[in-house]
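Student: Top to bottom, those sequences are chains A and B.
Heads up: the first sequence begins at 1 in our numbering, then just goes up one per residue.
Heads up: the second sequence begins at 1001 in our numbering, then just goes up one per residue.
For glycine and all other residues, C-beta sits at the position ideal for the given N, C-alpha and C.
All values derive from a computational prediction rather than experimental measurement.
I'd like to ask some things about the structure below.
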Amino acid sequence: MPLYNQPSPLETRVVSKNFGLPDSHRLDTYLAHDGFKAFHKARQMTPDAIIEEVKTSALRGRGGAGFPTGLKWSFVPRNSPKPRVIVINADESEPGTCKDRLLMEYDPHQMIEGILIAGLAVDAHVGYIYTRGEYRYLIEIMDDALAEAYAKGYLGKNIAGTGWDFDLYTHSGAGAYECGEETALLDSLEGKRGIPRMKPPFPAVAGAWALPTLLNNVETFSAIPPIIRDGGAAFAALGTPKNGGTRLLCISGHVNKPGVYELPLGFPMLKAIYEVAGGIPGGKKLKAVVPGGSSCPLLRADECDIPMDYDTLAKVGSMLGSGGMVVMDETTDMVRVALRIMRFYAHESCGWCIPCREGTTWLRKILQRYCDGQGRREDIALLGELSKNMLGRTFCALGDAAALPTISIVEKFTEDFEKYLAAREMVAV
Amino acid sequence: MTFSPQLEQRFAKMLTLYPPGRKRSAVVPMLIYAQDEVGAVTKELIDEVARRCGVTPLQVDEVVGYYSMLHRKPLGKFHVQVCTNISCLLVGGEELYEHAKKKLGIGHREVTPDGQFSLEEVECIGACSWAPAIEINYDFHHFVTPEKLDQLIDGLRKAQ
């Protein structure tokens, strides 16, 4: 069964437009459907003009942080005596997120074209696709796509007769959520444990092997060909101001039609749940939503009547994150959810920063105690206090990513903790 | 220590992909591909990877402990990885994992006595919209029910 959905009128298919074509992973198919038109157009543009076009598109990083892509590209020093490197973050590991799989499986050449255009923009001639080890089948698909592109002159020396060279390789990780964090990823790429680096210097200046490095997510690179082909303004117009284009939204949890859907930025969240994803099974009520991967503060049902773009989500105290939207119905036990989220972060903390390493473990123990029926009333405040002590006190965002959803669950769903206390008191009586 | 011709070819290419003097970059991919062939990250393999990448065995050893897919002891021929993270949890992932434990008679990171199966409760494998999901070795299986899991395991047993 394919991972993409039958086209729906509710979707706006831009980066996913080729999904469903026969042999969509083949270069010939891609070339027959606008493939490499953007590359040839970019060849006629100056690097500054390419970066300007990406800025105009209002594309923001699709990995999670949502940083403006054009601005990130402009930070890479093209006049550096050191060669520039491009790194593709295909370490998709944020719980709730499963979109990069589709882009690599069904349209690998679109991503390759996006990487080449980035190469033109920052004057780089080599790229590494860092893919999580569990995605071996995608590494194989990508290796085949790279071999095909090399064989047909779309990678290597003198690309498409332009006299311009670019080499692109896959690189396998081996199981570590932390390596999705860009500086930890770079350490991993260098053959080390994936430990985050102190910033500055930022990767744009000193990244992989201390070379100037441009690092973006799979979906970010995949959005580049349509932006250059049809113009940044057209892409921007699909979304809301400063939130350009579409994004692949991964809907999971308690919905009738879970799936990965391409929706414009600013798409109403409730419409995504009830129309795109077919609503909640059994007609149950909505209780909570993880808007963009498990690192995001959860929203209560009454907070979900909002358009989904980076700025609106920030305004309601959460994040659009990586596009992993997890829907929870009224029967969901939020204490169990908090425990499962914390078990994840405690497992994945790299151990470098003490507030994260100790904090996630303590929080996991307290939440486990709760789920085991041994929770104490004072634990509710303790969970919040411990979490808040982690915020902003770590090298990378993993500490915050563990603390933020916990704080939101403790504050917004206190009644679920109360239920455990009531059950315990009844046993005691 | 030598590997299959295909793997030797892969490793020879791998050592040329990185900037000059940066062979250490091949450590993690070399370990995972070699583990697939050898069965586990043994002391001998650590020394071999260190030699090929021009680093000390300690620099390889410290990496092994960090990455969850690297194992010092052999796993089963079929490594069953059940995701119980948030999206899977909501639609029966934990129950599926409990079922797998019973079906195989083993727990987390344990191997059946005949060496055919091993089990691991894993973190998000990127199959959230098709949950609950499992991975057997590198093959994804989506919308897995206890019955479907039984069929998969019985099918693999029979194929032996």
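Quick check on G1039 (chain B) - is its C-beta less than 8 angstroms from some C-beta in chain A?
Tutor: Taking Cβ atoms only, chain A never reaches closer than 8 angstroms to G1039 (chain B), which makes this a no.
Student: How big is the Cα-Cα spacing for C1083 (chain B) and H33 (chain A)?
Tutor: For C1083 (chain B) and H33 (chain A), the distance between alpha carbons rounds to 37 angstroms.
Student: Between the segment 169–202 of chain A and chain B, which residues of the former have a C-beta closer than 8 angstroms to a C-beta of the latter?
Tutor: Flagged, chain order: Y169, H171, S172, G173, A174, G175, A176, Y177, S188, L189, E190, G191, K192, R193, G194.
Student: List the residues of chain A that L1089 (chain B) touches, going by C-beta distances under 7 angstroms, in chain order.
Tutor: Near L1089 (chain B) (Cβ distances below 7 angstroms), the residues of chain A are R340.
Student: Applying a beta-carbon distance threshold of less than 9 angstroms, which residues of chain B neighbour Y137 (chain A)?
Tutor: By Cβ distance, chain B contributes Y1138, D1139, F1140.
Student: Could you check if G63 (chain A) is buried or exposed, using at least 16 other CB atoms within 10 Å of its CB as the buried criterion?
Tutor: G63 (chain A) comes out buried.
Student: Report the neighbours of S295 (chain A) on chain B: residues whose CB is nearer than 7 angstroms to its CB, in chain order.
Tutor: What S295 (chain A) touches in chain B: nothing, since even the nearest Cβ is about 11 angstroms away.
Student: Mark R1051 (chain B) as exposed unless 16 or more other C-beta atoms lie within 10 angstroms of its C-beta, in which case mark it buried.
Tutor: With fewer than 16 Cβ atoms within 10 Å of its Cβ, R1051 (chain B) is classed as exposed.
Student: Strictly below 7 angstroms CB to CB, what residues from chain A border E1120 (chain B)?
Tutor: Those within 7 angstroms of E1120 (chain B) in chain A number zero; the least Cβ separation is about 10 angstroms.
Student: Taking the alpha carbon of L249 (chain A) as the point to measure from, which residue in A:P2, A:M1, A:L10 has its own alpha carbon closest?
Tutor: Checked all of A:P2, A:M1, A:L10; the closest Cα to L249 (chain A) is A:L10.
Student: Do V76 (chain A) and the ligand GTP come close, with the Cβ less than 7 angstroms from some heavy atom?
Tutor: Because no ligand of any kind appears in the structure shown, any question about the ligand GTP cannot be addressed here.
Student: Provide the residue span of the beta strand (DSSP E) that contains T213 (chain A), from first to last.
Tutor: Unbroken beta strand (DSSP E) run through T213 (chain A): 213–217.
Student: Select from A:R247, A:P212, A:P355, A:P264 the residue whose C-alpha is nearest the C-alpha of P77 (chain A).
Tutor: That would be A:P212, whose Cα lies nearest to the Cα of P77 (chain A).
Student: Considering just the uninterrupted stretch of the beta strand (DSSP E) at K157 (chain A), what are its terminal residues?
Tutor: No beta strand (DSSP E) holds K157 (chain A); DSSP gives it neither H nor E.
Student: So, under 8 angstroms CB-CB, F431 (chain A) and I115 (chain A) are touching, yes? Tell me the CB distance rounded to an integer number of Å.
Tutor: Here chain A covers residues 1 to 429 and nothing more, so residue 431 (chain A) does not appear.
Student: Are any of the Cβ atoms in chain A nearer than 8 angstroms to that of E1135 (chain B)?
Tutor: Yes - at least one Cβ of chain A is within 8 angstroms of the one on E1135 (chain B).
Student: Which runs of the alpha helix (DSSP H) at least 4 residues long sit entirely within the segment 308–377 of chain A? Give them in chain order.
Tutor: Segments of the alpha helix (DSSP H) lying fully in the segment 308–377 of chain A: 310–315, 334–348, 354–371.
Student: Please tell me whether L214 (chain A) and V122 (chain A) are closer than 8 angstroms, where the distance is taken between their beta carbons.
Tutor: Cβ atoms of L214 (chain A) and V122 (chain A): closer than 8 angstroms.
Student: List the residues that DSSP assigns as beta-bridge partners of Y1138 (chain B).
Tutor: Y1138 (chain B) is not bridged to any residue.
Student: Give the interface partners of P95 (chain A) over in chain B, defined as CB-CB distance under 8 angstroms, in chain order.
Tutor: Near P95 (chain A) (Cβ distances below 8 angstroms), the residues of chain B are N1085, I1086, S1087, E1123, C1124, C1128.
Student: Would you say L1015 (chain B) and K1023 (chain B) are within 8 angstroms of each other, going by their C-beta atoms?
Tutor: Cβ atoms of L1015 (chain B) and K1023 (chain B): closer than 8 angstroms.
Student: Kindly list, in the order they appear in chain B, the residues whose Cβ is closer than 7 angstroms to that of S252 (chain A).
Tutor: Per Cβ cutoff of 7 angstroms: S1087, C1128, S1129, A1131.
Student: Against chain B, which members of the segment 303–334 of chain A pass a CB distance test of less than 9 angstroms?
Tutor: Residues passing the 9 angstroms Cβ filter: G324, V326, V327, M328, D329, T332.
Student: Return helix, strand or coil for F267 (chain A), following the three-state DSSP convention.
Tutor: In the structure shown, F267 (chain A) sits in a strand (DSSP, three-state: E or B).
Student: Looking at chain B, is there any beta carbon in it that lies within less than 8 angstroms of the beta carbon of H109 (chain A)?
Tutor: With 8 angstroms as the cut-off, H109 (chain A) does not count as an interface residue toward chain B.
Student: Can you tell me which of the three DSSP states S252 (chain A) falls into?
Tutor: Strand, per DSSP.
Student: Just the chain B side, please: which residues come within less than 7 angstroms of G259 (chain A) by C-beta, in chain order?
Tutor: The answer, in chain order, is S1129.
Student: Since L265 (chain A) and G232 (chain A) are thought to touch, with beta carbons under 8 angstroms apart, how far apart are those beta carbons, to the nearest angstrom?
Tutor: Wrong, their Cβ atoms sit about 14 angstroms apart, outside the cutoff.
Student: When DSSP labels each residue in this structure, what does S172 (chain A) get in the three-state scheme?
Tutor: Strand at S172 (chain A).
Student: Quick check on the burial criterion: 16 or more other C-beta atoms within 10 angstroms. Buried or exposed for S295 (chain A)?
Tutor: S295 (chain A) comes out buried.
Student: Return helix, strand or coil for C1083 (chain B), following the three-state DSSP convention.
Tutor: Looking at C1083 (chain B) - three-state DSSP - the assignment turns out to be strand.
Student: Would you mind working out which of A:E411, A:G119, A:I341 sits nearest P225 (chain A), comparing C-alpha positions?
Tutor: Per the Cα distances, A:G119.
Student: At least one CB of chain A closer than 8 angstroms to the CB of A1026 (chain B): is that the case?
Tutor: Yes, its Cβ sits closer than 8 angstroms to a Cβ of chain A.
Student: Pull up the distance between the alpha-carbon of I306 (chain A) and that of E219 (chain A), whole angstroms please.
Tutor: Each residue's Cα considered, the two are about 24 angstroms apart.
Student: Residues of the segment 7–33 of chain A in Cβ contact with chain B at a cutoff of 9 angstroms, in chain order, please.
Tutor: Flagged: no residues at all.
Student: Looking at C-beta atoms only, is the number of pairs between the segment 358–368 of chain A and the segment 377–392 of chain A that lie closer than 8 angstroms three or more?
Tutor: With the cut-off at 8 angstroms, the segment 358–368 of chain A and the segment 377–392 of chain A touch.
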